[in-house]
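In terms of the working numbering, the sequence shown has 194 at position 189, counting the first letter as 1, and numbering is strictly consecutive. The beta carbon of each residue, even a glycine, is placed where N, CA and C say it ideally should be. Here is the structure we will look at.
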Amino acid sequence: MTASDERELLRETVSALVAKHAPPAAVREAMESERGYDEALWQLLCEQVGAAALLVPEELGGAGGTLADAAAVIAELGKGLVPTPLLGTTLAELALLAADEPDAEALGRLAQGTAIGAVVFDPDYVVNGDRADIVVEATGDQLIRWTEFVAEPVTTMDPTRRLARVRPQRTVPMGVDPVSPTPRRSWWRSSRSARRPAAWS
6 MTASDERELL
16 RETVSALVAK
26 HAPPAAVREA
36 MESERGYDEA
46 LWQLLCEQVG
56 AAALLVPEEL
66 GGAGGTLADA
76 AAVIAELGKG
86 LVPTPLLGTT
96 LAELALLAAD
106 EPDAEALGRL
116 AQGTAIGAVV
126 FDPDYVVNGD
136 RADIVVEATG
146 DQLIRWTEFV
156 AEPVTTMDPT
166 RRLARVRPQR
176 TVPMGVDPVS
186 PTPRRSWWRS
196 SRSARRPAAW
206 S
């Protein structure tokens with residue numbers, strides 16, 4: 006089986022889970038819930054698909070997949086307008102992997118789906134900000150782990166993607182975000198120039 010075949014199988018698996026567990030009524034209910042997503046579906050995505058583990062190397066507790074694999078899963082969830090914490094968690098994994106010494110414990114928790122991740126590009130608009138367990142700030146060429154923080158939800162135009170205003174209380178420097186030709190680090194650096202999510206302040 007080629008990588009393309011495996012990716013198509015991955016996409017079909019996610020599509021089947023969405024069709025079974027995320028009809029429009031369930032999606033609306035998830036959006037309006039306290040967490041903003043269906044926790045049971047998130048658990049299925051992590052356990053049956055390994056959605057949160059795709060980008061994490063096997064030696065760090067992940068599946069050792071590719072950016073294309075992760076993109077396929079995110080795209081399939083997007084088709085069904087399914088709210089999940091996958092985007093913010095994926096960005097947090099990429100940030101942690103960009104460090105010289107990746108935090109294996111944090112990556113393992115993110116890969117298992119037992120922790121939710123977020124990356125701070127703009128502290129006023131942080132995806133997963135009000136439900137994140139692991140937060141990394143990207144400031145210039147620095148990566149900073151926020152070990153304690155406060156978060157305040159903000160109103161968004163996209164109910165499938167919750168945003169929050171987040172402020173640090175205690176931080177730990179992770180070091181310089183290195184320039185690297187590896188796909189994960191290259192993609193991570195380019196993602197930092199993306200426009201912030203649309204929101205009403």
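About 6 angstroms separates the beta carbon of A104 from that of G180, a gap short enough to meet the 8 angstroms contact definition. In the three-state scheme derived from DSSP, where H, G and I count as helix and E and B as strand, T95 is classed as helix. If you keep only unbroken beta strand (DSSP E) runs of at least 3 residues inside the segment 108-194, you get 122-125, 139-144, 147-159 and 168-181. Nearest in C-alpha terms to A156, of all of R167, P29 and L102, is R167.
Look at the beta carbons and you see the segment 71-83 not touching the segment 35-43: under three pairs across the two are nearer than 8 angstroms. DSSP, reduced to helix, strand and coil, places L102 within a helical segment of the structure shown. Minimum Cα-Cα distance from F126 among the listed residues E34, V61 and R170 corresponds to R170. Per DSSP, T71 is not a residue of any alpha helix (DSSP H), being assigned neither H nor E. In the three-state DSSP reduction, M6 falls in the coil class, being neither helix nor strand. Secondary structure at T89: coil, using DSSP grouped into helix, strand and coil. Burial of D135 is indicated by the presence of at least 16 other C-beta atoms within 10 angstroms of its C-beta. DSSP, read as helix, strand or coil, puts G83 in helix.
Around the beta carbon of E34, fewer than 16 other beta carbons lie within 10 angstroms, which makes this residue exposed.
When DSSP states are grouped into helix, strand and coil, L65 belongs to the helix group. For P29, the enclosing alpha helix (DSSP H) begins and ends at P29 to E37.
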